[in-house]
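Numbered as in our numbering, the sequence shown ends at 1460 without a single skipped number.
To keep things clear, I will list the structure first and then write my remarks on it.
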Amino acid sequence: MALLQIAEPNMSATPHQHRLTVGIDLGTTNSLVATVKSGTATCLPDELGNVSLPSVVRYLGDDKLIVGKKALAQQKLDPQNTISSAKRLIGRTLPEIDTTHLPYRFGKSEKIIELQTKNGAKTPIDVSADILRTLRERAEQSLGGELVGAVITVPAYFDDAQRQATKDAARLAGLNVLRLLNEPTAAAIAYGLDNGAEGTFVVYDLGGGTFDVSVLELSKGLFQVKATGGNSALGGDDFDHRLFCHIIENNQLSLTNEHDIQLLFSLVRQAKETLSKQPETRIQATLNNGTEINTLITRAEFHALTQHLIAKTIEPVKQALKDAGVSKSDIKGVIMVGGATRMLHVQQAVGAFFGQTPLNNLNPDQVVALGAAMQANVLAGNKNDDEWLLLDVTPLSLGLETYGGLVEKIIPRNSTLPTARAQDFTTFKDGQTAMTIHVVQGERELVADCRSLAKFTLRGIPPMVAGAARIRVTFQVDVDGLLSVSAREQTTGVQAQIEVKPSYGLDDETITQMLRDSMNNAKDDATARARAEAKVEAESLIGAIQAALDLDADLLSEEELNKINQLMTKLASNLETESAENIRTAVHELSHETDDFAARRMDRNIQRVLGGVNVADLS
């Protein structure tokens, strides 16, 4: 008898063979790749011993390019063909970004950002793919074999479009994506496993271009994200920009030369890093027009210039704590992640807010990649003992539009992933044979105030009276935060579904603003929803009464008919102006006025059914 050895796709057929996997921190400023060797996560260096890869690509023409440190060094020589901070552009459209300080030549596409280079039009997905390909090649050369897969980290507040764009970039780079992992969650994995920590922790992640905060519950064998928040338009780059503007103002400069701009940016970045170690530093340069710059910057001066930026990170922290239902006193530790957390006043501000010294015993630049590598190792089946479970969450509520422009939330925000939920709906009109499913994302009560994700139509519903059909709508969100929606009519089994891959366009700042708006407008939204629900109830009642009158108006006296018509007209005319309370009062009045009419119709229908039937035959 022959024996067949069966393996999962892309997995080794040898059960005890170590499968080569990596974790990749695809960063705004720098990117890293890590793996687990002999049970320990470690970052993989390049041939020169450099662990960090600057997230910069220079396109040279003839399909040639350079990635990383060399590209960064040449950025000021060829800024239009040297693309950096692509992470800030991925999954977005041109109108949504500030191009003021960007030297690139943009294409005219409305669906996705295009950058005109010597190698032709490049999207942020292409640029990210070139960075990921370099990291893949580094890993395969270092590990001596082909990778089974990779876990790639993303900011916690990346929406579906941005996550899908990151996946697309990975596929272009020849990587099998085992999972997309939120950056703060990856950091928690690294700290939890290395330090054996348990309790409620906050991950404060201030990178080059994004800020994320997560509240996590760590216990033996379980990592659960309780809440997330952040700002994708805030990072270490903004501290550089503030110091850059200060130097310009202090020296009364008017910079138009791209070389001068890039030179000054590189000098202020160095100054920022120096001030984390020394109390003062000096910025010196000679510009293209011969202007000399010689400015002393003290640590206290730099702190004063950028204090407002740190304050902007504390607001999402407060909201995340509120969402998680915990107070500052409940927090056992604060994990600092991202190179920007090396700034002393950032550490001091976070420490002062929580009343404790933040945890920073792991390298803040590497901790995300290390955690991703640990997760990849588990997903590949290399870790069989003492396994831990990771539960991530969805950052915004998901739901669909119901009659009257209302939002029915199916999956609330901060639901643990993966998740699936179903809810039954019905038709609003008699004889309705199709239903449009409009999937939305957001916290507001009205569709107009939420983000539209996708629409699809369920056809083949049996023609029934309004309210008789039963349509089950199922929402499923996978571990990467990607959504699929299906609708099924229960009696016939007809079904329609869609995988939600929204057009690239929603930035994380907008998501944060959506959450803020939901809180600021909670009272108004509740009023608007109540009014919309009352309006739907009124319209349904008017429709039902009108249908009844068309059939059995002869059961009413002229006086009764006139009274009902007057009340219907009054109700219909006030739907757009009256409050929910007044509409419901009018609905009650109309309903009460038609009670006798409904009873008479019931008697007639019974007589119609029983006409000519012997009572004895019914026993």
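Beta carbons are placed, not taken as given, at the ideal position from N, Cα and C, and that holds for glycine.
Just so it is clear, the structure is predicted and the values come from calculations on it, not from any experiment.
Check                                                                                                                                                                                                   : Outcome
Of all the beta strand (DSSP E) runs that stay within the bounds of the segment 989-1047, which reach a length of 3 or more residues?                                                                   : 990-995, 1018-1023, 1040-1047
Are any of the Cβ atoms in chain C nearer than 8 Å to that of methionine 1443?                                                                                                                          : Among the chains in the structure shown there is no chain C, since it carries only a single protein chain.
Helix, strand or coil, according to DSSP, for glutamate 1133 in the structure here?                                                                                                                     : strand
Looking at the secondary structure, which residues open and close the alpha helix (DSSP H) in which phenylalanine 1106 lies?                                                                            : 1099-1116
Which runs of the beta strand (DSSP E) spanning at least 3 residues fall entirely within the segment 1359-1446, listed in chain order?                                                                  : none
When the Cβ atoms of the segment 911-927 are set against those of the segment 885-903, are three or more pairs found closer than 8 Å?                                                                   : yes
For alanine 1028, count the other beta carbons within 10 Å of its own beta carbon; 16 or more makes it buried, fewer makes it exposed. Which is it?                                                     : buried
Is it buried or exposed, valine 1054, if we count other Cβ atoms within 10 angstroms and call 16 or more buried?                                                                                        : buried
Take threonine 826 and list the residues in its own chain whose beta-carbon comes closer than 6 Å to its own, dropping the five residues that flank it on each side.                                    : Outside the displayed range of the chain (842 to 1460) lies residue 826, so it cannot be described from this structure.
How is the beta strand (DSSP E) around methionine 1276 delimited, first residue to last?                                                                                                                : 1275-1282
Assuming leucine 861 and leucine 988 form a contact by the criterion Cβ under 8 Å, report the distance between their Cβ atoms to the nearest whole angstrom.                                            : 5 Å
Thinking just about the alpha-carbon of each residue, which of Ala1373, Asp919, Ser1432, Ile1386 is nearest to the one in aspartate 1101?                                                               : Asp919
Could you tell me the alpha carbon to alpha carbon distance between tyrosine 1045 and glycine 1131, rounded to whole angstroms?                                                                         : 43 Å
Excluding the 5 residues preceding and the 5 following isoleucine 1134 in the sequence, name in chain order all residues of the same chain whose CB lies nearer than 6 Å to its CB.                     : Asn1092, Ala1126
Could you name the residues of the same chain whose beta carbon sits closer than 7 Å to that of isoleucine 931, not counting the 5 residues immediately before and after it, in chain order?            : Pro965, Ile966, Ser969, Gln1003, Ala1006, Thr1007
Between the segment 1188-1201 and the segment 863-873, do at least 3 Cβ pairs fall closer than 8 Å?                                                                                                     : no
Are the CB atoms of valine 1314 and valine 1326 within a distance shorter than 8 Å?                                                                                                                     : yes
Tell whether a beta-carbon distance below 8 Å holds between methionine 1215 and isoleucine 1030.                                                                                                        : yes
Residue ranges of each beta strand (DSSP E) run of no fewer than 3 residues wholly in the segment 887-972, ordered along the chain?                                                                     : 897-902, 905-908, 923-925, 956-958, 961-963
Determine the DSSP secondary structure at glutamate 981, reduced to helix, strand or coil.                                                                                                              : helix
Skipping 5 residues on each side, what residues in its chain have a beta carbon closer than 7 Å to that of leucine 1402?                                                                                : Ala1394
Can you tell me whether alanine 1309 is helix, strand or coil according to DSSP?                                                                                                                        : coil
Short of 6 Å in beta carbon distance, which residues of its chain neighbour alanine 1337, apart from the five on each side in sequence? Order them along the chain.                                     : Phe1297, Leu1299, Ala1328
Do the CB positions of leucine 901 and aspartate 971 come within less than 8 Å of each other?                                                                                                           : no
By DSSP's criteria, alanine 1074 is part of a beta bridge. Which residues make up the other side?                                                                                                       : Answer is none; alanine 1074 lacks a bridge partner.
Whether or not the segment 1070-1082 and the segment 1174-1184 are in contact is what I'm after, with contact meaning three or more pairs of Cβ atoms, one per stretch, closer than 8 Å; do they touch? : yes
Quick one: any contact between the segment 975-984 and the segment 868-877, if contact means 3 or more CB pairs under 8 Å?                                                                              : yes
Which value, in whole angstroms, describes the spacing of the CA atoms of threonine 1274 and leucine 1397?                                                                                              : 33 Å
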